[in-house]
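> Per the numbering used here, residue 3 is the first one in the sequence shown, and the count goes up by one each step.
Here it is, the structure, as structure tokens.
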Amino acid sequence: VQRARSLGFTEAETAHLLDALDQSNALSRLEIEVMDLPEIVSGGPPASMDDTHIRAWMDAVERLHGDDYHTRKSRVMTAVNALYRLVSDRGAVHLSGLAGGLLRAEWLMVVCIGLLATFVVASAFVIRQRFVRPLETIGRIMANMHQDSLDTSIPFQDRADEIGMVARGADRFRKESARMLRVDDMEFVLRVVYHDVKQPVKRMAALAQLQIAEAGECGEGGFAHEVNRSCHGLVELIDSLRDLVRIGASAGNRTGFELKAAWTDAVADALHGNDPGDVVANGIDGLTLAGDRSLIVQFFVNLLRNAQLHGSRTPEITFSSQWTGNGRVFSVSNRIDAIVEDADSLFEPFNTRNRVASGTSGLGLGLAICKRIVDLHGGEIRIDQETPGIFAVLFTLPEGGNEGAGR
């Protein structure tokens with residue numbers, strides 16, 4: 003509303019804008035409601051369902067939401083087109099007023115304003131080319147693929163070109179994300195990407211799983227398997243980016259909590275109910291930490307998953323603590339078959355200089371999140387490889403039941 007008023011919108015025009023936004027939000031919720039149906043999100047229809055069952059299910063969804071969806075979509079498009087014309091008219095009025103003012107200004111002021119305007123226009127162009135346009139492209143490709151994927155009569159392999167476009171768009175999105183992390187309103191952008199990109203990707207993964215089930219064993223290197231892995235990788239990337247930007251400028255509720263209980267919750271989350279026999283905790287009984295418990299649990303989860311991903315075939319993950327002259331130091335270590343050079347760079351997001359395991363290049367988001375959480379709690383974190391074959395993450399966290407209890 004403030005932005006509309008600053009542009010000179012009337013009350014009626016502002017009300018029209020708010021109505022268009024309400025309609026757009028309602029439409030988005032309706033689309034997400036359809037996309038979030040458990041048959042799709044949970045891996046697609048069961049293998050026993052043939053094309054006839056799937057089409058019948060989609061027809062039922064269309065009958066349930068079709069009229070409302072298309073009516074709302076028509077209203078939104080009408081409102082958006084009207085807003086574009088309205089904003090364009092406002093821009094023309096402001097530009098004409100600005101031109102009249104410049105004609106009356108001194109020549110030096112004209113030069114200064116001209117240079118400033120050139121800088122602003124150039125900056126806007128660069129931001130759009132490097133930041134906004136890749137997101138728009140990915141969203142548009144995903145939306146088109148989602149519509150096409152509803153027609154189950156199209157052979158899955160015939161979409162190879164489109165899926166290649168998605169793969170290239172996803173790679174561009176990954177590269178641009180390193181710059182995006184410095185944008186103040188990054189959480190808003192990722193929230194848009196989360197709904198516009200993640201849901202269609204999950205739908206494509208569901209179709210890949212359905213194709214795998216119908217074709218039977220098609221080999222680990224089969225086309226559908228590759229699509230399925232790529233889709234899940236992109237979903238994991240978006241989730242990790244959201245986790246990274248959601249960590250605020252300061253830790254949330256700093257309360258005292260039991261360290262072992264937080265570690266146990268993290269182990270259960272990271273292992274997804276599997277046997278935690280290879281995960282050992284030593285010397286943490288009776289210890290309490292002062293901080294945001296949810297962030298600390300997420301910190302442990304990321305360390306565990308990193309150890310599982312880049313450790314040896316028998317990881318043997320160990321969590322321990324010891325008292326040094328400078329305070330207590332915690333360690334999460336695991337066996338590793340490789341040597342990591344420039345270990346400090348592992349905490350940088352999207353750093354590809356290191357190959358932690360043979361042929362593996364991590365994105366570094368998990369450890370970047372860990373470093374941000376430790377920094378928020380006033381601690382330190384580093385990599386220790388002094389023991390051959392052991393990769394250890396050393397860190398400090400505030401102990402005690404309150405913020406000032408020391409470390």
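Beta carbons: idealized from backbone N, C-alpha and C, even for Gly.
This one's a predicted model, so the numbers in the text were calculated from it and none came from an experiment.
Tell me which residue opens and which closes the beta strand (DSSP E) that L291 is part of.
290–293
> Is the CB-CB distance between K368 and N304 below 8 Å?
Residue 368 is actually Gly in this sequence, not Lys. It is a contact, given that the beta carbons lie within the stated cut-off.
> How long is the line joining the alpha carbons of E441 and T120, rounded to whole angstroms?
Absent from the structure is residue 441, since the part of the chain shown begins at 3 and ends at 409.
> Quick one: measure Cβ to Cβ for S335 and F393, integer angstroms, because I've assumed they're closer than 8 Å.
7 Å
> With a threshold of 6 Å on Cβ separation, who are the neighbours of L289 within its own chain once the five nearest residues in sequence on each side are excluded?
L261
> CA-CA distance, G402 and F301?
18 Å
> Could you work out which residue in G381, Q4, A370, T326 is closest to S242 when comparing CA atoms only?
A370
> Do A292 and W265 come within 8 Å of each other at the CB atom, strictly closer than that value?
no
> Leaving aside the five residues before and after V281 along the sequence, list all residues of the same chain whose C-beta is less than 6 Å from its C-beta, in chain order.
The residues are V269, I319.
> Which two residues bound the contiguous alpha helix (DSSP H) that contains A394?
Here A394 belongs to no alpha helix (DSSP H); instead the beta strand (DSSP E) covers 392–397.
> So what does DSSP say about T326, is it helix, strand or coil?
When DSSP states are grouped into helix, strand and coil, T326 belongs to the strand group.
> Given a cut-off of 8 Å, decide if S323 and R330 are closer than it, judged by their beta-carbon atoms.
Closer than 8 Å, so yes.
> Alpha carbon to alpha carbon, what distance is there between I338 and I375?
25 Å
> State buried or exposed for G381, treating a residue as buried only when at least 16 other CB atoms are found within 10 Å of its CB.
Classification for G381: buried.
> Keeping to the same chain, check which residues put their C-beta closer than 8 Å to that of A101; ignore five residues upstream and five downstream.
Low confidence applies to A101: its pLDDT is 46, below 50, so where it sits in the model is not reliable enough to give any reading.
> Between which two residues does the alpha helix (DSSP H) carrying G368 extend?
367–378
> Cα-Cα, which of N328, W325, N308 is closest to C372?
N308
> Return helix, strand or coil for E318, following the three-state DSSP convention.
DSSP, reduced to helix, strand and coil, places E318 outside both helices and strands of the structure shown, so it counts as coil.
> What do you get for T398, buried or exposed, if any count of 16 or more other CB atoms within 10 angstroms of its CB means buried?
buried
> According to DSSP, simplified to helix, strand and coil, what is R256?
coil
> Exposed or buried, D287, counting other C-beta atoms within 10 Å across all chains shown (16 or more means buried)?
It is exposed - the Cβ of D287 has fewer than 16 other Cβ atoms within 10 Å.
> Below 6 Å CB to CB, which residues in the same chain sit around L183 once its five sequence neighbours on both sides are set aside?
For L183, the predicted structure reports a pLDDT of 49, less than 50, and the residue's modelled location is therefore unreliable. A value from the coordinates is still provided. Taking C-beta separations shorter than 6 Å and ignoring five residues to either side along the sequence, L183 has no partners in its chain.
> With distances taken from CA atoms, which of A17, I298, G327 is nearest L378?
I298
> Since A272 and L306 are thought to touch, with beta carbons under 8 Å apart, how far apart are those beta carbons, to the nearest angstrom?
4 Å
> Hey, could you find the ends of the alpha helix (DSSP H) D271 is sitting in?
261–273
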